[in-house]
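Peer 1: Can you keep this structure in mind? I'll have questions shortly.
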Amino acid sequence: MYWEVLDIIEVRSFFILFIGAAYLLVWIQVILFHWRGAFRSKVMWGPVIFTPVLAAIGILYAFFQGGFMDLLLVAIFGLGALEGLAGTYYHFRGVRSYIGGWTLRNFMVGPPVILALIYMVLSLAVLMVYFLGPAGGG
Numbered sequence: 022m023y024w025e026v027l028d029i030i031e032v033r034s035f036f037i038l039f040i041g042a043a044y045l046l047v048w049i050q051v052i053l054f055h056w057r058g059a060f061r062s063k064v065m066w067g068p069v070i071f072t073p074v075l076a077a078i079g080i081l082y083a084f085f086q087g088g089f090m091d092l093l094l095v096a097i098f099g100l101g102a103l104e105g106l107a108g109t110y111y112h113f114r115g116v117r118s119y120i121g122g123w124t125l126r127n128f129m130v131g132p133p134v135i136l137a138l139i140y141m142v143l144s145l146a147v148l149m150v151y152f153l154g155p156a157g158g159g
């Protein structure tokens, strides 16, 4: 394609803005699922509190880039990837704790393992665009 550098930067900014906005929707789902689980574990509060931070940084980064914002983006979305990885572990553990263990029914009614994976992948996608994107990062 015949994009100039400015166009590529705009595409990168839009992508990060889109992921930031997507985290707002993920946040609603996280609240609902953890509320359904009655916040029976303190670690359930982590994504409920941290997801709006991911959303805010993603949205702000689309408009204010460079310097401290670059560092903040990498740090926050790096933590977001770790949060998703930890969530995946806890969700798999939660499914296993149901009667019958690793059954399709338990995956359907238990903690949503796929949502935790999506949480991680969204953060990794931002980091990939930042570090590997044509506009360069870091």
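Quick note, the numbering used here runs 21 ahead of the 1-based positions in the sequence shown. All C-beta atoms, glycine included, are put in the ideal place defined by N, C-alpha and C.
Classify T124 as helix, strand or coil using the three-state DSSP reduction.
Peer 2: Coil at T124, not helix or strand.
Peer 1: Alpha carbon to alpha carbon, what distance is there between R61 and V26?
Peer 2: Low local confidence applies: a pLDDT of 49 at V26 is under 50, so the model's placement there is unreliable, with the coordinate-based value given in what follows. Approximately 49 Å between the Cα atoms of the pair.
Peer 1: Determine, using beta carbons only, whether P133 and E104 come nearer to each other than 8 Å.
Peer 2: The answer is no: Cβ separation not under 8 Å.
Peer 1: Could you compute how far the alpha carbon of F85 sits from the alpha carbon of G115?
Peer 2: Rounded to whole angstroms, F85 to G115 spans 40 Å at the Cα level.
Peer 1: Taking 7 Å as the limit between beta carbons, can you name the residues of its chain near A146, skipping five residues before and five after?
Peer 2: Once the five neighbours on either side are set aside, the close Cβ partners of A146 are I40.
Peer 1: Using the C-alpha atoms, what's the distance from G121 back to F35?
Peer 2: Answer to the nearest angstrom: the Cα atoms are 45 Å apart.
Peer 1: Within 10 angstroms of its Cβ, does L51 collect 16 or more other Cβ (buried), or is it exposed?
Peer 2: It is worth fixing the name first, because residue 51 is Val in this sequence and not Leu. The residue in question, V51, is buried, as its Cβ has 16 or more Cβ neighbours within 10 Å.
Peer 1: Looking at the structure shown, is G58 part of a helix, part of a strand, or coil, going by DSSP?
Peer 2: Residue state, collapsed to three classes: coil.
Peer 1: Going straight from the alpha carbon of W66 to that of E31, what length do you get?
Peer 2: Taking the straight line from one Cα to the other gives about 34 Å.
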